[in-house]
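Asker: This is the structure, below, for whatever I ask next.
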Amino acid sequence: MVSLMGKETLGYDFKSRSSILSYAKRLINHTLLDLTDAPKVKEMRNSRKKGIFGQFLEKYYFGLDINSDSGPDFKEAKLELKSTGVFYKNGKFKAKERVSLNQINFKDIYQLRNIDWEKSHFLFKNNHILFVMYKYEKEVSEVQREICLVDLWEIIGSEEEDLIKNDWEYIVKKIKSGKAHELSEGETLLLGAARKGNEKVPGKYLPDLPGAKKRAFAFKQTYVQTIIDKLSQQQKVSFGNEFKKKNPHIVIENKFKKFKGLTCNEIEKKLNIVLNKKAKSYYHHIAEKILGDDAKTLLSIANVQMKIIRLQENGTPKESMSFPYFKSVEVAEQSWDESDFFNQVEQGFFFVVFQIRGSKVFFDKVFFWNMPYLDRLEAEKVWTHTHNLIKSNGVKIVRKNNKNYNNFLGSKDTKVAHVRPHGKNGSDYDVLPNGKKIGKQGFWLNAKYLKKIVGENG
DNA sequence: GCATGATCATGC
DNA sequence: GCATGATCATGC
Numbered sequence: 034m035v036s037l038m039g040k041e042t043l044g045y046d047f048k049s050r051s052s053i054l055s056y057a058k059r060l061i062n063h064t065l066l067d068l069t070d071a072p073k074v075k076e077m078r079n080s081r082k083k084g085i086f087g088q089f090l091e092k093y094y095f096g097l098d099i100n101s102d103s104g105p106d107f108k109e110a111k112l113e114l115k116s117t118g119v120f121y122k123n124g125k126f127k128a129k130e131r132v133s134l135n136q137i138n139f140k141d142i143y144q145l146r147n148i149d150w151e152k153s154h155f156l157f158k159n160n161h162i163l164f165v166m167y168k169y170e171k172e173v174s175e176v177q178r179e180i181c182l183v184d185l186w187e188i189i190g191s192e193e194e195d196l197i198k199n200d201w202e203y204i205v206k207k208i209k210s211g212k213a214h215e216l217s218e219g220e221t222l223l224l225g226a227a228r229k230g231n232e233k234v235p236g237k238y239l240p241d242l243p244g245a246k247k248r249a250f251a252f253k254q255t256y257v258q259t260i261i262d263k264l265s266q267q268q269k270v271s272f273g274n275e276f277k278k279k280n281p282h283i284v285i286e287n288k289f290k291k292f293k294g295l296t297c298n299e300i301e302k303k304l305n306i307v308l309n310k311k312a313k314s315y316y317h318h319i320a321e322k323i324l325g326d327d328a329k330t331l332l333s334i335a336n337v338q339m340k341i342i343r344l345q346e347n348g349t350p351k352e353s354m355s356f357p358y359f360k361s362v363e364v365a366e367q368s369w370d371e372s373d374f375f376n377q378v379e380q381g382f383f384f385v386v387f388q389i390r391g392s393k394v395f396f397d398k399v400f401f402w403n404m405p406y407l408d409r410l411e412a413e414k415v416w417t418h419t420h421n422l423i424k425s426n427g428v429k430i431v432r433k434n435n436k437n438y439n440n441f442l443g444s445k446d447t448k449v450a451h452v453r454p455h456g457k458n459g460s461d462y463d464v465l466p467n468g469k470k471i472g473k474q475g476f477w478l479n480a481k482y483l484k485k486i487v488g489e490n491g
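Using my numbering, read the first sequence as starting at 34 and increasing by one per residue.
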């Protein structure tokens with residue numbers, strides 16, 4: 034601990050959040066190298082540890098001892114210091130990643146400790162956050178990053194307090210019911226249970242439960258973007274009062290209820306809009322109109338993907354569901370946990386289901402959905418197969434009937450997902466690590482799998 | 001009628 | 001210009 038003697042020379046009043054804030058604001062437009070005795074590049078290179086910026090900020094600028102105390106960094110002021118990188122492009126700040134708050138203690142929660150929101154360790158540590166954000170550039174060492182945004186962020190009293198509380202309670206409830214291993218980040222809206230490292234929580238702590246991989250309470254990247262927008266006032270963000278004291282899932286589902294059984298034409302009339310039916314995103318556009326701006330904003334901040342499914346008369350979806358194409362080189366280099374597909378199947382979904390009857394299309398139902406744990410394991414297999422094939426130089430392309438066929442997994446190979454072309458046209462290529470060209474590919478959820486999901490939900 | 005390769009319309 | 005969110009088109 035820093036002695037009282039030391040604290041008198043800190044340059045700020047360690048008991049006062051406003052004093053700490055004004056001292057912190059002097060960081061703006063500077064680097065740690067400018068303002069402190071933080072050691073330069075060499076030490077950085079030797080250290081592979083992430084978060085050196087945060088550690089140096091605490092030590093060399095704020096004069097705090099790095100300790101493993103589980104409370105907030107500025108103990109007396111009940112203030113937690115969080116530093117994070119932002120991309121700076123075209124005059125705009127973009128969130129680089131989620132912000133992890135504190136690691137989830139499965140054991141404590143499972144054993145029914147720390148389960149009251151008001152008294153929670155989470156709130157004790159994170160209610161008052163001092164954000165120090167710096168411009169992230171890959172080639173620039175941590176001490177030379179330019180600090181660009183410094184401000185306080187408070188949970189209690191904020192517009193999204195209720196949403197965060199709901200998220201926290203959902204995660205805690207799931208852990209209490211013995212399902213820690215089934216958590217995914219996308220099950221909640223702003224505060225997610227995000228994977229933290231690859232370790233499993235030692236089984237000895239939870240003898241009667243399957244081991245769960247470590248997770249931390251974290252603001253989702255999309256929510257971090259909202260925080261940045263609000264702090265920098267680069268964009269006005271507001272949920273309106275629509276979700277105040279209400280369950281946002283139910284509010285959103287209710288918006289769709291009055292359109293059940295109507296054709297798309299009838300919905301357009303009812304909403305007094307005219308949309309281009311030729312657009313491939315026509316149904317997506319209709320659904321966006323039903324959602325309205327506030328709900329649309331919430332879904333995007335919560336990183337919930339709205340997906341359209343059109344059922345044929347026999348109940349099978351007309352199409353499988355695509356995700357953005359992947360870059361082969363990335364798939365080859367990444368691990369499952371850091372892959373795009375992992376993040377895509379961990380996120381939340383909002384399905385809007387239409388039913389085709391004859392030449393007409395009727396709106397049927399909506400539901401929120403997360404991919405169940407076992408199915409995510411199946412998705413992992415598809416990804417791993419793809420990863421191995423690319424990495425081992427085993428991708429084969431044959432030309433037949435004027436079309437290119439490859440040996441990635443198809444929709445009959447697993448029950449959840451497959452790999453399929455997702456290019457713009459025949460000349461939209463990706464390049465394999467061995468230099469060979471291949472039409473851009475992406476991961477898709479199988480139509481049959483979607484049929485099962487639609488049958489079980491909504 | 002399903003599986004799969006190919007391609008389209010739009011927004012940013 | 002390109003990514004996204006999809007649908008189109010065809011062979012088996």
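Where is the CB? At the ideal position from N, CA and C, for every residue including glycine.
Computed from a predicted structure; not experimentally measured.
#1: With burial defined as no fewer than 16 other Cβ atoms inside 10 Å of the residue's Cβ, what is the status of Ile334: buried or exposed?
#2: I'd like the list of long-range same chain contacts for Glu379, defined as Cβ closer than 6 Å, with 5 residues on each side in sequence excluded.
#3: Looking only at its own chain, which residues have a Cβ that is under 8 Å from the Cβ of Lys278, when we skip the five neighbours before and after it?
#4: Considering Cα atoms alone, identify which of Ala312, Leu304, Phe383 is closest to Val337.
#5: What residue ranges within the segment 326 to 354 form continuous beta strand (DSSP E) runs of no fewer than 3 residues, ordered along the chain?
#6: Grab me the residues of Met354's own chain with a C-beta within less than 7 Å of its C-beta, minus the 5 sequence neighbours each way, in chain order.
#7: Helix, strand or coil: how does DSSP classify Lys510 here?
#8: Please tell me whether Phe95 and Leu43 are closer than 9 Å, where the distance is taken between their beta carbons.
#9: Does the segment 116 to 134 come within contact of the segment 243 to 261, defined as at least 3 CB pairs closer than 8 Å?
#10: Taking a contact to mean a Cβ-Cβ separation below 9 Å, would you say Ala71 touches Tyr93 in this structure?
#11: Thinking Tyr256 and Leu304 are a contact (beta carbons under 8 Å), I'd like their distance in whole angstroms, please.
#12: Do you know whose CA, among Ile204, Ser116, Lys198, Gly211, lies nearest Gln144's CA?
#13: Can you tell me the Cβ-Cβ gap for Arg50 and Leu185, rounded? I've got them flagged as a contact below 8 Å.
#14: Drop a sphere of 10 angstroms on the beta-carbon of Ser103, count the other beta-carbons inside from all chains shown, and report buried for 16 or more, exposed for fewer.
#15: Can you tell me whether Asp106 is buried or exposed, with buried defined as 16 or more other CB within 10 angstroms of its CB?
#16: Determine the DSSP secondary structure at Pro281, reduced to helix, strand or coil.
#17: Which same chain residues end up closer than 7 Å to Phe441 when comparing Cβ atoms and leaving out the 5 residues on each side of it in sequence?
#18: Give, in chain order, every unbroken run of the beta strand (DSSP E) that is at least 3 residues long and sits entirely within the segment 170 to 239.
#19: Output needed for Phe375: all residues of its chain with C-beta closer than 6 Å, excluding positions within five of it in sequence on either side, in chain order.
#20: Mapping DSSP to helix, strand and coil, what is Asn160?
#21: Could you tell me the boundaries of the beta strand (DSSP E) in which Gly87 lies?
#22: Can you tell me whether Val119 is helix, strand or coil according to DSSP?
#23: Do the segment 317 to 335 and the segment 347 to 366 make contact, defined as three or more Cβ pairs closer than 8 Å?
#24: Can you tell me which of Ala213, Ile300, Leu295, Ser265 puts its alpha carbon nearest to the alpha carbon of Phe164?
#25: Anyone know if the C-beta pair for Asp327 and Glu275 falls short of 9 Å?
#26: Using CA coordinates, which residue listed in Glu109, Ala110, Leu65 is at the minimum distance from Leu90?
#27: With DSSP collapsed to three states, give me the class of Leu295.
#28: Classify Tyr438: buried if its beta carbon has 16 or more other beta carbons within 10 angstroms, exposed otherwise.
#29: Run the CB neighbour count on Lys237, radius 10 Å, all protein chains shown included, and call it buried at 16 or more, exposed below.
#30: Kindly indicate which three-state DSSP category Arg131 falls into: helix, strand or coil?
#31: Taking Gly118 as the reference, give the member of Glu202, Leu54, Pro405, Lys127 with the closest Cα.
#32: Given that a residue counts as buried once 16 or more other Cβ atoms are within 10 Å of its Cβ, and exposed if not, what is Gly225?
#33: Check this for me: beta carbons of Asp397 and Lys293, under 9 Å apart or not?
#34: So Phe401 and Gly381 are supposed to be a Cβ contact under 8 Å. How far apart are they, rounded?
#35: What residue does the alpha helix (DSSP H) around Arg50 start on, and which one ends it?
#36: In this structure, how does DSSP classify Trp416 when only helix, strand and coil are distinguished?
Answerer: In terms of the structure at hand:
#1: Along the first sequence, one-based indexing puts residue 334 at 301. Taking a 10 Å sphere around the C-beta of Ile334, we find 16 or more other C-beta atoms and assign the residue as buried.
#2: In the first sequence, counting from the first residue as 1, residue 379 sits at position 346. Beyond the five residues adjoining it in sequence on each side, Glu379 comes within less than 6 Å, by CB distance, of Ser217, Glu218, Gly219 in the same chain, given in chain order.
#3: As a working note, residue 278 is residue 245 in the first sequence. Around Lys278: Asp195.
#4: On the first sequence, residue 337 is found 304 positions in, with the first residue counted as 1. Nearest to Val337 by C-alpha distance, out of Ala312, Leu304, Phe383, is Phe383.
#5: Segments of the beta strand (DSSP E) lying fully in the segment 326 to 354: 337 to 344.
#6: In the first sequence, counting from the first residue as 1, residue 354 sits at position 321. Correct list, in chain order: Lys340, Trp477, Leu478, Leu483.
#7: Past the edges of the chain, shown from 34 to 491, lies residue 510, and the structure says nothing about it.
#8: In the first sequence, counting from the first residue as 1, residue 95 sits at position 62. In the first sequence, counting from the first residue as 1, residue 43 sits at position 10. Taking 9 Å as the cut-off, the Cβ atoms of Phe95 and Leu43 count as close.
#9: Three or more Cβ pairs closer than 8 Å define a contact, and the segment 116 to 134 meets that threshold against the segment 243 to 261.
#10: Walking along the first sequence from the start, residue 71 turns up at place 38. Walking along the first sequence from the start, residue 93 turns up at place 60. Yes; because the gap between Cβ atoms is below 9 Å, this pair is in contact.
#11: In the first sequence, residue 256 corresponds to position 223, counting from 1. In the first sequence, residue 304 corresponds to position 271, counting from 1. Actually they are not in contact, since the Cβ atoms of Tyr256 and Leu304 sit about 29 Å apart, beyond 8 Å.
#12: Position 111 of the first sequence, counting from 1, holds the residue named residue 144. The option with the nearest alpha carbon to Gln144 is Gly211.
#13: For this step, residue 50 is matched to residue 17 along the first sequence. For this step, residue 185 is matched to residue 152 along the first sequence. That belief holds up - the Cβ atoms of Arg50 and Leu185 are roughly 7 Å apart, short of 8 Å.
#14: In the first sequence, the residue the question calls residue 103 occupies position 70. So Ser103 counts as exposed.
#15: Reading the first sequence from its first residue, position 73 is the one you call residue 106. Flag for Asp106 reads buried.
#16: The residue you call residue 281 lines up with position 248 of the first sequence. Pro281 falls in the helix class under three-state DSSP.
#17: Along the first sequence, read from residue 1 onward, the residue named residue 441 stands at position 408. Here the set comprises Thr419, Leu422, Val452, Gln474.
#18: Restricting attention to beta strand (DSSP E) runs no shorter than 3 residues, the segment 170 to 239 encloses them at 180 to 187, 224 to 233, ordered along the chain.
#19: On the first sequence, position 342 is the one that residue 375 refers to. Same-chain partners within the cutoff: Trp369.
#20: Start at 1 with the first residue of the first sequence, and residue 160 comes out as number 127. Residue state, collapsed to three classes: coil.
#21: Sequence index remark: in the first sequence, residue 87 carries index 54 (1-based). Unbroken run through Gly87 is the alpha helix (DSSP H), 85 to 89; no beta strand (DSSP E).
#22: The residue labelled residue 119 in the question sits at position 86 within the first sequence. Val119: strand per DSSP, three-state reduction.
#23: Because the criterion of three Cβ pairs below 8 Å is not met, the segment 317 to 335 and the segment 347 to 366 do not touch.
#24: As a first step, residue 164 is located in the first sequence; it is residue number 131 there, counting from the start. Checked all of Ala213, Ile300, Leu295, Ser265; the closest Cα to Phe164 is Ser265.
#25: As a working note, residue 327 is residue 294 in the first sequence. As a working note, residue 275 is residue 242 in the first sequence. Taking 9 Å as the Cβ cut-off, Asp327 and Glu275 qualify as a contacting pair.
#26: Residue numbering aside, residue 90 sits at position 57 when the first sequence is read from its first letter. Out of Glu109, Ala110, Leu65, Leu65 has the C-alpha closest to the C-alpha of Leu90.
#27: The residue you call residue 295 lines up with position 262 of the first sequence. Residue state, collapsed to three classes: coil.
#28: Position 405 of the first sequence holds residue 438. So Tyr438 ends up on the exposed side.
#29: Position 204 of the first sequence holds residue 237. Any reading at Lys237 is ruled out, since the residue's pLDDT is 48, under 50, leaving its predicted position unreliable.
#30: Here residue 131 refers to the residue found at position 98 when the first sequence is read from its first residue. In the structure shown, Arg131 sits in coil (DSSP, three-state: anything other than H, G, I, E or B).
#31: Within the first sequence, residue 118 is the residue found at index 85, counting from 1. Closest by alpha carbon: Lys127.
#32: By one-based count along the first sequence, residue 225 stands at place 192. For Gly225, the number of other beta carbons within 10 angstroms of its own is at least 16, and it is reported as buried.
#33: For this step, residue 397 is matched to residue 364 along the first sequence. For this step, residue 293 is matched to residue 260 along the first sequence. In this structure, Asp397 sits near Lys293, with a CB-CB distance shorter than 9 Å.
#34: Taking the first residue of the first sequence as position 1, residue 401 is located at position 368. Taking the first residue of the first sequence as position 1, residue 381 is located at position 348. About 7 Å separates the two Cβ atoms, so the contact holds.
#35: For this step, residue 50 is matched to residue 17 along the first sequence. From DSSP, the alpha helix (DSSP H) with Arg50 extends over 50 to 58.
#36: In the first sequence, counting from the first residue as 1, residue 416 sits at position 383. Reduced to three states, the DSSP call for Trp416 is helix.
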